[in-house]
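Numbering (the numbering used here), first residue to last: 11 to 140. Virtual Cβ for every residue (Gly too), placed ideally from N, Cα, C. Here's the structure, in structure tokens; my notes come after.
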Amino acid sequence: MDDVFGPSLVSYVTPEIGRVISPRIDIKETKKAYKIVSELPGLDPKDLEVSVRDGMLTISGENKVEKEESETGYSYVERSYGCYCRSISLPDSVDTDKISSVYKNGVLTVTLPKTEKAMEEPKKISVTTA
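Below is the structure:
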């Protein structure tokens, strides 16, 4: 998969956002598409964005801190709050006009359909003897 997506499977921090949580992703390939799956628990779908620009797919969002009015404070917190951002350089074989995404039960699935040319079977060349 590194040959297809290259070393671009990295997250980045931008000055506007500050500290960014890099969501982990799985990439699956089928004959017709790539699928990127990322767990983003607790994220409200309205705070989630998937975009494509100049061959880069960006998944970003913000998991906002729940504000509770209470006299007791937290003793221990492990849940992550803050901005999520992950950018992935797309291979030329992706049809960027047909990318779709679904967010269900805290899991984001982005489907990256392959171009018709990328799905073509390789042309077999006959080998003859001299």
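Buried versus exposed call for residue i [16 or more other C-beta atoms within 10 Å across all chains shown]
{"i": "Ser61", "result": "exposed"}
{"i": "Thr139", "result": "exposed"}
Span separating the alpha-carbon of residue i from that of residue j
{"i": "Ile27", "j": "Ile35", "result": "Because Ile27 carries a pLDDT of 44, less than 50, the predicted location of this residue cannot be relied on, and no value is offered for it."}
{"i": "Ser136", "j": "Pro55", "result": "53 angstroms"}
{"i": "Thr24", "j": "Ser70", "result": "Note on Thr24: pLDDT 42, under 50, position unreliable in the model; the coordinate value appears next. Each residue's alpha carbon lies about 12 angstroms from the other."}
{"i": "Thr68", "j": "Ser97", "result": "4 angstroms"}
{"i": "Tyr44", "j": "Thr125", "result": "11 angstroms"}
{"i": "Thr121", "j": "Pro33", "result": "17 angstroms"}
{"i": "Lys114", "j": "Arg63", "result": "24 angstroms"}
Residue(s) in a DSSP beta bridge with residue i
{"i": "Ala43", "result": "Pro123"}
{"i": "Lys129", "result": "For the sequence presented, residue 129 should be read as Met rather than Lys. BP columns for Met129 are empty, so no partner."}
{"i": "Arg63", "result": "Met66"}
{"i": "Tyr113", "result": "Leu118"}
{"i": "Leu58", "result": "Gly71"}
Whether residue i touches residue j by CB criterion (8 angstroms)
{"i": "Leu118", "j": "Ser111", "result": "yes"}
{"i": "Ala128", "j": "Ser103", "result": "yes"}
{"i": "Asp57", "j": "Lys42", "result": "no"}
Nearest-angstrom beta carbon gap, residue j and residue i [assumed within contact, 8 angstroms]
{"i": "Asp105", "j": "Pro123", "result": "5 angstroms"}
{"i": "Gly92", "j": "Leu50", "result": "At roughly 12 angstroms, the Cβ-Cβ gap does not stay under 8 angstroms, so Gly92 and Leu50 are not in contact."}
{"i": "Tyr94", "j": "Ile31", "result": "5 angstroms"}
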